[in-house]
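Sequence order for the protein chains is A and B.
Numbering-wise (this note's numbering), the first sequence opens with residue 1 and increments by one.
Numbering-wise (this note's numbering), the second sequence opens with residue 140 and increments by one.
For each residue, glycine too, the CB sits at the ideal point set by N, CA and C.
Before any comments, here is the structure.
Number of protein chains: 2
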Amino acid sequence: MSEAKVTYVAGLQFIGQATSGHAIVMDGDAGSGGSNTGSRPMELLLMGIGGCSGMDIISILKKKKENVRGLEINVKGTKAENYPKKFTDINLEFVVKGKNISEEAIKKAVELSMEKYCSVKATLEGSAKITWGWKIIEE
Amino acid sequence: MSEAKVTYVAGLQFIGQATSGHAIVMDGDAGSGGSNTGSRPMELLLMGIGGCSGMDIISILKKKKENVRGLEINVKGTKAENYPKKFTDINLEFVVKGKNISEEAIKKAVELSMEKYCSVKATLEGSAKITWGWKIIEE
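Encoded structure:
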């Protein structure tokens, strides 16, 4: 069981705190009556899928002793036009930086995360079509 | 289009930043090789559904001139036992605090969020069965 408490502050500002204890500020933009002091709730889903898959990939590549010097995940989410405007498509681009990294190792790590391990991806794919690609930057 | 960039820092620590510009730290627990410096990615989904529905409900109740003095959303997520351990069930309890608030107004606001407006709920319900309840605390 994973738990979170979300508490209203003012305007459209809310503080979220979950089992691990870390707090996050959420807010709406000015157009919706908020003050933009924190993340939009829908943004948390995109950051979550990036962090979840990133942790998988780093863990796998470290076990394989690959010389990874950096990893960036660019996540793009497309929403339905009509309410409730759920995510219909999410694309992830994994940009791996390192020295002499095996292309095969990256491919395998990304596939293991996307097809086997990433809990956030598995939760979101019930609604959104999730696609991904990857590239290596030698440095 | 909503976008996020998630950048690897060290250990299992990642920084996420989305279109609105606010950054969030994500990390794993010690058991998985992390250092617990930030939220677990799966926690972001629970905080996201709480914030999303909370913003809807506050907006609706303010339009109705209800005297709301507080709102807390308690979110509980149950994960599948096996990988990828997606959320299978999510329960939200809306605790509204205020003076002489109309029960009918609360019921209607919660239903409008859950059944019509909340984008995060609509995205997560593709995988997780989402249930909810509410109570009013007179104060």
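{"Item": "Listed in chain order, which residues of the segment 255-271 of chain B have Cβ atoms closer than 8 angstroms to some Cβ of chain A?", "Value": "K255, Y256, C257, S258, V259, K260, A261, T262, L263, E264, G265, S266 and A267"}
{"Item": "When burial is assigned at 16 or more other CB atoms within 10 Å of the CB, is D166 of chain B buried or exposed?", "Value": "buried"}
{"Item": "Are K5 of chain A and N213 of chain B close, meaning C-beta to C-beta below 8 angstroms?", "Value": "yes"}
{"Item": "Counting pairs of Cβ atoms below 8 angstroms between the segment 42-61 of chain A and the segment 111-124 of chain A, do you hit three or more?", "Value": "yes"}
{"Item": "Could you check if G21 of chain A is buried or exposed, using at least 16 other CB atoms within 10 Å of its CB as the buried criterion?", "Value": "exposed"}
{"Item": "Looking at chain A, is there any beta carbon in it that lies within less than 8 angstroms of the beta carbon of E142 of chain B?", "Value": "yes"}
{"Item": "Do the CB positions of M42 of chain A and V259 of chain B come within less than 8 angstroms of each other?", "Value": "yes"}
{"Item": "Would you mind giving the Cβ-Cβ distance between V110 of chain A and V68 of chain A, rounded to the nearest angstrom? I have them listed as a contact below 8 angstroms.", "Value": "The pair is not a contact, with the Cβ atoms about 13 angstroms apart (cut-off 8 angstroms)."}
{"Item": "Output, in chain order, the set of chain A residues within a Cβ distance shorter than 9 angstroms of V249 of chain B.", "Value": "Within 9 angstroms Cβ-Cβ: nothing; V249 of chain B doesn't reach chain A, min ~14 angstroms."}
{"Item": "Would you report the Cα separation of L92 of chain A and K238 of chain B, rounded to the nearest angstrom?", "Value": "47 angstroms"}
{"Item": "Would I269 of chain B pass as a contact of I229 of chain B if the rule is Cβ separation under 8 angstroms?", "Value": "yes"}
{"Item": "Are I60 of chain A and L112 of chain A close, meaning C-beta to C-beta below 8 angstroms?", "Value": "yes"}
{"Item": "Between which two residues does the beta strand (DSSP E) containing S198 of chain B stretch?", "Value": "Counting along the chain, S198 of chain B falls outside any beta strand (DSSP E), though it belongs to the alpha helix (DSSP H) covering P180 to K202."}
{"Item": "Of all Cβ atoms in chain B, is any one closer than 8 angstroms to the Cβ of G50 of chain A?", "Value": "yes"}
{"Item": "What residues are listed by DSSP as bridge partners for S2 of chain A?", "Value": "B:G216"}
{"Item": "Between B:S241, B:W273, B:N221 and B:I276, which lies nearest to Y117 of chain A when the distance is taken from Cα to Cα?", "Value": "B:N221"}
{"Item": "Taking a Cβ distance cut-off of 7 angstroms, strictly less, list which residues of the segment 50-76 of chain A are near chain B, in chain order.", "Value": "G50, G51, C52, G54, M55, I58, S59, G70, L71, E72, I73, N74, V75 and K76"}
{"Item": "Measure from the C-beta of S20 of chain A to each C-beta in chain B and report whether the shortest distance is under 8 angstroms.", "Value": "yes"}
{"Item": "Below 8 angstroms between beta carbons is the criterion; list the residues of the segment 222-244 of chain B that meet it against any residue of chain A, in chain order.", "Value": "Y222, P223, K224, K225 and F226"}
{"Item": "Just the Cα atoms here: how many angstroms apart are E205 of chain B and E243 of chain B?", "Value": "11 angstroms"}
{"Item": "Name, please, each residue of chain A whose Cβ falls closer than 9 angstroms to the Cβ of S174 of chain B.", "Value": "Simply none; closest approach about 11 angstroms."}
{"Item": "Suppose you measure from the CA of V191 of chain B to the CA of E139 of chain A; what does that come to, to the nearest Å?", "Value": "Before going further, note that residue 191 of chain B is Cys rather than Val in the sequence given. Those two C-alpha atoms are separated by around 41 angstroms."}
{"Item": "Need the endpoints of the beta strand (DSSP E) that T227 of chain B sits in, please.", "Value": "F226 to G237"}
{"Item": "Should K86 of chain A go down as buried or exposed, given a rule of 16 or more other Cβ atoms within 10 Å for buried?", "Value": "buried"}
{"Item": "At a CB-CB cut-off below 7 angstroms, which residues of chain A make contact with E182 of chain B?", "Value": "S2, A4, A18, T19 and S20"}
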